[in-house]
Amino acid sequence: MHVPVRIVLVETSHPGNIGASARAMKTMGLDDLVLVAPKEFPSVDATARASGADDVLAKSKVVGSLIEAIADCGFVVGSSARLRSLSWPMADSRSVVEEIWSRIGQTKVAIVFGPEHSGLSNEDLSYCQRLVHVPANPDYSSLNIAMAVQVLCYELRMGHPDLEKKLNKQKANQESPPANAEELQGFYLHLEQLLQESGFLDPNHPRQLKLRLRRIFHRAELDKKEVNILRGMLTALTSGTSQNDKNKLSEADSVEYES
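Written out as structure tokens, the structure reads:
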């Protein structure tokens, strides 16, 4: 059974972890691997640790930033073992898999893993609708990247044994598909620009306001049509906006989207 979920590794420092992650993916039916600015790849070590999952490595993509890796994804989950000063929607590995399967067929899904020693940055976190943690032994909870990838890929495989029935049901019920990361990022940048121009947001001292705003909209789980409406509202509220721009707000509700 093929599991249509993307695995994204961010700034992985050891190529062996890339190969071991590819092996973990293939054993559970995943093959969509994207690498964000890896320290060393391609690599003999990566191929050796892949142990037969060379095809996953061969088709993997290397990109320069996380937003490039997830631009077409409408649901992004970040893997984290650290507690955050700013709370973020968090779930254990089994619970988040239920959410993932509920979205497959509506949008593309990615699970993101941070660098070995530091994990996901706050900027990386801002792209994620959920954080997931593996409930390991609290006295020794350290998992390397490949181990964490293996656990989540296993949960994905076991989380929904009747894949085809699930996909067909969700496609039939789909209305407007979820907004993907690129569309959400465009909206966030638009909103932040207007907030800076209004004086509400100080770019030199943003504190955690940007993250808090993004958290609000992540909870709303915006679809493509809703993002268009919100951007139309922002445009209409901008001083000196033309009537054509203002019409975008009313036109957004009539736009047809591909399923």
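So the sequence shown is numbered by our numbering: it starts at 1013 and just counts up by one.
All C-beta atoms, glycine included, are put in the ideal place defined by N, C-alpha and C.
With which residues is residue i paired in a DSSP beta bridge?
i: R1142; result: V1089
i: D1104; result: H1145
i: K1120; result: C1085
i: V1074; result: L1047
i: P1190; result: D1235
i: F1229; result: In the DSSP output, where bridge partners are listed per residue, F1229 has none listed.
i: F1125; result: L1021, S1091
Ends of the alpha helix (DSSP H) at residue i?
i: D1066; result: 1066-1071
i: V1163; result: 1157-1171
i: I1241; result: 1236-1249
i: V1015; result: Counting along the chain, V1015 falls outside any alpha helix (DSSP H), and DSSP gives it neither H nor E.
i: S1033; result: 1027-1039
i: E1052; result: Segment: none, E1052 is in no alpha helix (DSSP H) and carries neither H nor E.
i: L1132; result: Counting along the chain, L1132 falls outside any alpha helix (DSSP H), and DSSP gives it neither H nor E.
Throw me the rounded Cβ distance for the residue i and residue j pair, which I believe falls under 8 Å.
i: L1045; j: D1136; result: Their Cβ separation, rounded to whole angstroms, is 17 Å, which puts L1045 and D1136 out of contact at 8 Å.
i: V1161; j: A1036; result: 5 Å
i: P1190; j: E1233; result: 7 Å
i: F1192; j: T1119; result: The amino acid occupying residue 1192 in the given sequence is Asn; Phe does not appear at that position. Confirmed, Cβ separation roughly 7 Å.
i: V1048; j: V1121; result: Incorrect: roughly 17 Å between the Cβ atoms, too far for contact.
i: L1221; j: L1213; result: 6 Å
i: R1227; j: W1100; result: 7 Å
i: G1117; j: S1092; result: Between S1092 and G1117 the Cβ distance is about 26 Å, and since that is not below 8 Å, they are no contact.
i: K1073; j: D1043; result: Actually they are not in contact, since the Cβ atoms of K1073 and D1043 sit about 12 Å apart, beyond 8 Å.
Starting from the C-beta of residue i, find all residues in its chain whose C-beta is less than 6 Å away, skip the five residues before and the five after it, and write them out in chain order.
i: V1124; result: V1020, G1090
i: P1027; result: E1052, F1053, S1055, D1057, A1058
i: E1268; result: Confidence in E1268 is poor, its pLDDT being 46 and thus under 50, which makes the residue's placement too unreliable to answer from.
i: A1032; result: R1061, A1158
i: E1270; result: Here E1270 scores only 40 on pLDDT, less than 50, and its place in the model is too uncertain to base an answer on.
Quick one: give me the first and last residue of the beta strand (DSSP E) that residue i is part of.
i: V1048; result: 1044-1048
i: R1018; result: 1018-1022
Short of 7 Å in beta carbon distance, which residues of its chain neighbour residue i, apart from the five on each side in sequence? Order them along the chain.
i: V1109; result: E1167, L1168, G1171
i: K1038; result: A1065, V1068
i: P1147; result: D1104
i: H1014; result: G1041
i: V1075; result: V1046, V1048, A1081
i: V1139; result: First, the residue type needs correcting, since residue 1139 is Tyr and not Val in the sequence shown. Excluding residues within five positions, the ones whose Cβ falls inside 7 Å are L1078, I1079, I1082, V1088, A1193.
i: F1199; result: V1239, L1242, R1243
Legend entry - Entirely enclosed alpha helix (DSSP H) segments - the region 1201-1227, minimum 4 residues: none
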